[in-house]
Amino acid sequence: MATIAEIVFESETPSRLAAFWAALLDGYQIRPYDEAEISRLAKLGFTPETDPTVMVDGPGPSLCFQRVPLRDYSNNRVHLDIAVDDVPTAIERITVLGGSVQRREAGYTVMKDPEGNQFCIVPRR
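One rule links them: number in the working numbering = place in the sequence shown (from 1) + 3.
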């Protein structure tokens with residue numbers, strides 16, 4: 004048997020994208036930085052804000068945001084479908100968070116996060 008360990012997003016600014024997804028998904032938050040991790044990052048010349056790999060944990064699989072400079076955003080090969088109770092309210096909230104609507108289809112809305120990764124908003128079943 005296999006299980007999903009984490010879902011990885013290529014990103015130009017992992018801390019910003021992690022904050023977007025943590026705010027969007029119920030029960031998710033950026034993995035806290037303890038003193039040991041802050042010290043490890045400092046030795047590499049990073050801070051939590053410039054960390055090249057930021058983790059977001061919640062009730063489902065962890066989300067991993069990794070810095071990949073000059074990534075090609077023309078097409079996602081995998082995307083998330085986000086189920087919500089109220090589609091228009093969710094779209095408004097996501098837009099305020101920095102996301103954007105790419106297109107509306109019957110039964111779902113294709114959106115982009117602040118770095119252009121596509122995801123869909125669908126009504127909760």
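Don't be surprised by glycine CBs; every beta carbon is placed ideally from N, CA and C.
Rounded separation between residue i and residue j - CA only
i    : j    : result
D89  : P126 : 7 Å
G1   : R34  : For the chain, the structure presents residues 4 to 128; residue 1 sits outside this window and is missing.
Y36  : S65  : 15 Å
I7   : G63  : 9 Å
L83  : C123 : 6 Å
L73  : T16  : 11 Å
K115 : A39  : 34 Å
R80  : I97  : 22 Å
Whether residue i touches residue j by CB criterion (7 Å)
i   : j   : result
Q32 : A22 : no
E13 : V71 : yes
Reduced DSSP category for residue i - H, G, I as helix; E, B as strand; rest coil
i   : result
I7  : coil
A86 : strand
L44 : helix
V81 : coil
T56 : strand
Close-in-space but distant-in-sequence residues of the same chain around residue i (CB under 6 Å, 5 per side omitted)
i    : result
Y111 : C123, V125
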